[in-house]
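So the sequence shown is numbered by this note's numbering: it starts at 38 and just counts up by one.
Here's the structure we're looking at; comments come further down.
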Amino acid sequence: MGYYVTVESGVKLYIEDINPEGSKTIVFLHGWPLSHRQFEYQFDVLPFMGYRCIGIDWRGFGKSDKPISGYNFDRLADDIRTVVDVLQLDNFTLVGHSTGGAIAIRYISRHNGNGVSKLVLVDAAAPVGFTTETATKFLTQGLNDRPKMMREVTESFFFQYITSPFSEWFFQMGLEAAGWSTAAIIITLRDETLYADLKKIFVPTLIVHGVHDKVIPFAQAQELSQKIKNAQLVPFHYSGHGAFWEEREKFNQLLRQFIG
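What follows is the structure, encoded as structure tokens:
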């Protein structure tokens with residue numbers, strides 16, 4: 038079931054809400070520059086095991102509205118808070134991939150963990166995001182030839198082989214975003230850090246990270262596991278930046294075990 042939630046005047050976020058009657062709720066935050074659709078291979082399975090799965094497209098991405106501003110971690114976390122309040126969610130597991138992981142961390146820090154019982158960070162862009170060099174490259178490409186940038190993102194994303202049709206599907210998903218929001222998140226990933234947020238995370242935390250990740254180095258997952266209390270790190274040895282797809286059966290099973 039898809040619908041929209043207004044997070045501020047003139048800005049609505051798209052919500053994919055699968056199995057609303059499920060006994061346990063999982064909220065998914067996608068990575069840059071994708072959408073909730075990246076979790077298709079979780080949504081195909083977990084709702085049929087009794088879970089309510091909620092995918093949120095952040096502002097500027099997927100089917101959500103694409104305002105000109107609001108792309109810092111505070112505003113993005115506040116958007117999630119509004120969705121949580123409107124849907125009256127409580128005792129849910131928050132899953133964040135890449136930049137979605139950074140937003141999840143800021144949400145818990147800024148909103149005192151409101152409603153979250155467990156946290157899952159997947160190849161999270163934390164405690165830092167892009168280096169200045171990487172950000173400069175993506176910004177230059179994104180503002181001059183965004184399809185070329187997205188093609189390079191796709192090619193560096195996965196460790197395992199992907200078919201041409203899958204590559205095209207993934208590529209087109211990234212182009213659903215607005216150019217300005219795509220660029221704004223690059224700047225946020227370059228300029229914002231999350232070190233101060235980590236000490237405010239007290240919920241049980243599962244950290245999943247591909248050891249072959251070329252986007253966010255595995256060393257950052259090790260740092261997160263050291264600085265977040267109650268954190269468990271599970272390396273995915275056959276994944277790059279897309280553990281949720283590259284080892285999806287393992288990922289889905291691990292998620293189920295962690296949630297209970």
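Every residue gets a Cβ at the ideal spot worked out from N, C-alpha and C, and that includes glycine.
Of the choices the options, whose alpha-carbon is the least far from that of residue i?
i, options, result
"Ser46", "Pro104, Asp81, Lys61", "Pro104"
"Gln75", "Lys49, Phe194, Thr130", "Phe194"
"Ala233", "Ile296, Lys264, Lys185, Thr130", "Lys264"
"Glu286", "Tyr41, Leu270, Tyr78", "Tyr78"
"His249", "His278, Ala268, Thr242, Trp206", "His278"
"Asn128", "Asp122, Phe175, Thr62, Gln178", "Thr62"
"Ser218", "Arg96, Pro84, Phe295", "Arg96"
"Gln125", "Ile140, Gly152, Gly211, Gly133", "Gly152"
"Ala9", "Gly133, Gly99, Asp102, Lys100", "Examination of residue 9 is not possible in this model, given that the chain is present from 38 through 297 alone."
"Lys266", "Ile238, Phe273, Ala214", "Ile238"
"Ala139", "Asp122, Val123, Arg112, Val121", "Arg112"
"Phe208", "Leu231, Glu170, Val190", "Val190"
"Gly297", "Met38, Thr130, Trp206", "Thr130"
"Glu213", "Asp54, Gly39, Asp94, Glu53", "Asp94"
"Pro84", "Ser106, Leu176, Asp102, Glu53", "Glu53"
"Val159", "Asn149, Ala220, Gly39, Phe255", "Phe255"
"Thr230", "Val48, Leu71, His67, Ser146", "Ser146"
"Val121", "Met86, His148, Asp102, Arg227", "His148"
"Asp102", "Met38, Tyr144, Val48, Ser201", "Val48"
Which whole-angstrom value describes the C-beta separation of residue i and residue j, a residue pair presumed to lie in contact below a C-beta threshold of 8 Å?
i, j, result
"Ile222", "Trp69", "5 Å"
"Ile91", "Phe110", "Their Cβ separation, rounded to whole angstroms, is 20 Å, which puts Ile91 and Phe110 out of contact at 8 Å."
"Ala163", "Ile142", "5 Å"
"Thr169", "Arg227", "6 Å"
Taking the C-alpha atoms as reference points, what is the distance between residue i and residue j?
i, j, result
"Leu180", "Gly216", "7 Å"
"Leu235", "His246", "17 Å"
"Ala161", "Gly137", "7 Å"
"Glu284", "Gly166", "23 Å"
"His73", "Phe203", "16 Å"
"Gln290", "Thr119", "30 Å"
"Arg183", "Tyr108", "18 Å"
"Lys155", "Met187", "32 Å"
"Pro241", "Phe281", "19 Å"
"Asp116", "Val42", "9 Å"
"Phe288", "Asn56", "20 Å"
"Glu260", "Leu50", "32 Å"
"Phe295", "Leu243", "8 Å"
"Gly59", "Leu270", "27 Å"
"Tyr88", "Asp81", "11 Å"
"Gly211", "Gly99", "8 Å"
"Phe273", "Ile224", "28 Å"
"Lys251", "Lys174", "15 Å"
"Trp206", "Ile199", "11 Å"
"Tyr40", "Ser106", "22 Å"
"Lys185", "Ser262", "34 Å"
"Ser201", "Glu192", "11 Å"
"Gly150", "Phe196", "33 Å"
Taking its Cβ as the centre, do 16 or more other Cβ atoms sit within 10 Å of residue i, making it buried, or is it exposed?
i, result
"Val44", "buried"
"Gln257", "buried"
"Tyr275", "exposed"
"Ser135", "buried"
"Val299", "Nothing about residue 299 can be reported from this structure: the residues present for the chain run from 38 to 297 only."
### Message
What ranges does the beta strand (DSSP E) occupy inside the region 152 to 203, keeping only unbroken runs of at least 3 residues that lie completely in it?
### Response
153 to 159
### Query
Hey, which unbroken runs of the beta strand (DSSP E) at 3 residues or more fall wholly within the region 45 to 90?
48 to 55, 61 to 66
### Message
Threshold first: 4 residues or longer. Then list the alpha helix (DSSP H) segments lying entirely within the region 118 to 151, N to C.
### Response
136 to 147
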